[in-house]
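Data block below; observations after.
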Amino acid sequence: MSFPLVPEQYEILHQVGRGMYSNVYEAKCLANQQTLCVKIINLEDFPYPLENIQKQTSMWSKSSDPNIVQYYGSFVTGAQVWILTEFMDAGSLEDILKYGYPRGIKDELACANIINGFLKALDYFHRCHQIHRNVKSCNVLLNSKGEAKLSDFGLATSLIQGGVRKQACLSMFGDACYMSPEILKNGEGYTCKSDIWSFGLTVIEIATGKMPYQGMKFMESIVNIMEKEAPELPAEFSAPFRDFVKRCLTMDPQKRATSEELLNHRFLKNADEGLQNTLGIINLLPPLHERYEKSKPGESLTQQQPQPKVPDVQFDFDEEEAKAAPRRSSIIVTRKARDHHKKSRFNSVNVTKDVKGQEKVGRFSIHRISNGNKHDKSNQHKRLNQLTEDFKEVSQDVKNLQEEQDDIQKKIFEIQEMIRNYKAK
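Quick note: the sequence shown uses the UniProt record's numbering, first residue 1, plus one each step.
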């Protein structure tokens, strides 16, 4: 089933979520009458390069596991990026726990069924030599069929580079509370075992309603992760369930279980039998948009609805990755998106003439669409000046991010030294 890459082909039904730089809607595709999820990112507020979104959607488009939220396509209109995906109408685990089960889901068969679903997605990632780097309850979504699927590929990355498998991905992205001890203690990079640690914390959150390091200050959570014993499930839960979590949260990553080993664990032996239990949990919840409206009172649907702008220049991503998945991975970028973006995403601009009416700018193809207006040299000069200013801003942003990461690493070393001094005393 195909999904048009133009906003006019979508009817916005309800707003169901909001992020720092985006709004999430339940929508209907007018071309095929399919209900779907539309995530709209405001490029004027988005602080990262547009290539970050392209990397996310490119990886997402090539993922074909049934336990990964399906990606339909992306396009840019005006100063907005629209990302079209499968609509998971029961919401995120975080949302389900918040509104229906603040003390956790005590039905272990239902827990096993939900856990088994998104663990299969994580196993798919790891078998493809990829790491998710952002496994947590808000990125595990459920639908009305009781299926649990993994979403959010914003930090996902491949462990294959130049045909060679890397041992780890060196970075400090992600939620600090979900970071594994080896990343914080030894400065090691992310590996598949780091995902397993985050998965284990999410499992505890499902069962108890609370993430183990929830509510702690940043530095307090880091010290707890590095120096205290790994979290465990309370004694009220069965021995197989507690052992399952223990295998996920082993401090030594070499001894920590793999996704494949966890799928064969005795706790998940009868996971499929828990589907009816999961459906019982979901059916007790109000519809997703009603939950959102209660959390965000005072907003009308008219205020929420996106207002797309009319493009006059169209950019098509011209990459081998996009060619590998032409049906779902294309992103159309307009010149207005670039001009309205506060920070330009071009590191360098190399313009070469191609066919008539088309130019090459870096890895983009530009198709001039006539709108009856001729741009004089003055306007061109203004745009060039704006690009220059944008480039300076991006360069400064990169420098600030590098300094920020260096500062985090320095703080970690300081904490390690304080702990060593404390132990010596």
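Cβ atoms here follow ideal geometry from the backbone N, Cα and C, with glycine treated the same way.
For the beta strand (DSSP E) that contains residue i, what are its first and last residues?
i	result
Arg256	That residue, Arg256, is in no beta strand (DSSP E); it is neither H nor E in DSSP.
Tyr99	It is not in any beta strand (DSSP E) - Tyr99 instead sits in the alpha helix (DSSP H) that spans 93 to 100.
Could you tell me the distance, in whole angstroms, from the CA atom of residue i to the CA atom of residue j?
i	j	result
Gln130	Val16	29 Å
Lys294	Asn139	21 Å
Leu262	Asp152	22 Å
Lys193	Gln380	51 Å
Tyr45	Cys248	Note that residue 45 corresponds to Asp in the displayed sequence, not to Tyr. Answer to the nearest angstrom: the Cα atoms are 37 Å apart.
Ala31	Ser2	9 Å
residue 430	His14	The structure shown has nothing for residue 430, since the chain only spans 1 to 425.
residue 428	Glu182	Outside the displayed span of the chain (1 to 425) sits residue 428, for which this structure offers no information.
Glu290	Glu94	16 Å
Val6	Ile83	11 Å
Trp60	Gly73	10 Å
Arg266	Asp195	21 Å
Gln214	Lys382	49 Å
Val135	Pro47	22 Å
Tyr190	Gly91	28 Å
Ser137	Asn385	44 Å
Lys28	Glu11	5 Å
Glu205	Gly104	7 Å
residue 426	Gly19	With the chain covering only 1 through 425, there is no way to say anything about residue 426.
Lys246	Pro234	12 Å
Lys217	Leu142	30 Å
Leu387	Val81	20 Å
Lys210	Trp197	16 Å
Ser259	Met418	35 Å
Ala424	Glu414	15 Å
Asp252	Phe244	16 Å
Lys255	Asn264	16 Å
Leu97	Thr35	25 Å
Leu119	Lys185	26 Å
Gln23	Lys39	What sits at residue 23 in the sequence shown is Asn, not Gln. For Asn23 and Lys39, the distance between alpha carbons rounds to 6 Å.
Pro212	Tyr21	27 Å
Ala272	Tyr99	It is Asp, not Ala, that sits at residue 272 in the sequence shown. Distance between the alpha carbons of Asp272 and Tyr99: 25 Å.
Asn67	Thr85	13 Å
Pro4	Ile225	46 Å
Lys145	Asn270	18 Å
Arg127	Gly274	26 Å
Glu220	Phe199	21 Å
Ser180	Leu150	19 Å
Val223	Pro231	13 Å
Phe125	Ile282	27 Å
Pro49	Val69	24 Å
Ile412	Glu229	18 Å
Report the partner residues of residue i according to the DSSP bridge assignment.
i	result
Gln80	Asn42, Thr77
Arg18	Asn23
Ala148	Leu142
Tyr71	Thr85
Lys28	Glu11, Thr35
Tyr213	Bridge partners of Tyr213: none, in fact.
Tyr292	DSSP, once it has assigned bridges, lists no residue as partnering Tyr292.
Kindly indicate the opening and closing residues of the alpha helix (DSSP H) around residue i.
i	result
Val6	It is not in any alpha helix (DSSP H) - Val6 carries neither H nor E in the DSSP assignment.
Pro240	239 to 248
Asn224	218 to 227
Glu51	50 to 61
Asn283	275 to 283
Would the stretch 66 to 83 and the stretch 231 to 239 be scored as touching if the rule is three or more Cβ pairs under 8 Å?
no
Stretch pair the stretch 271 to 284 + the stretch 109 to 122: three plus CB contacts closer than 8 Å:
yes
Stretch-stretch touch, CB-based, cutoff 8 Å, three pairs: the stretch 99 to 110 with the stretch 61 to 70
no
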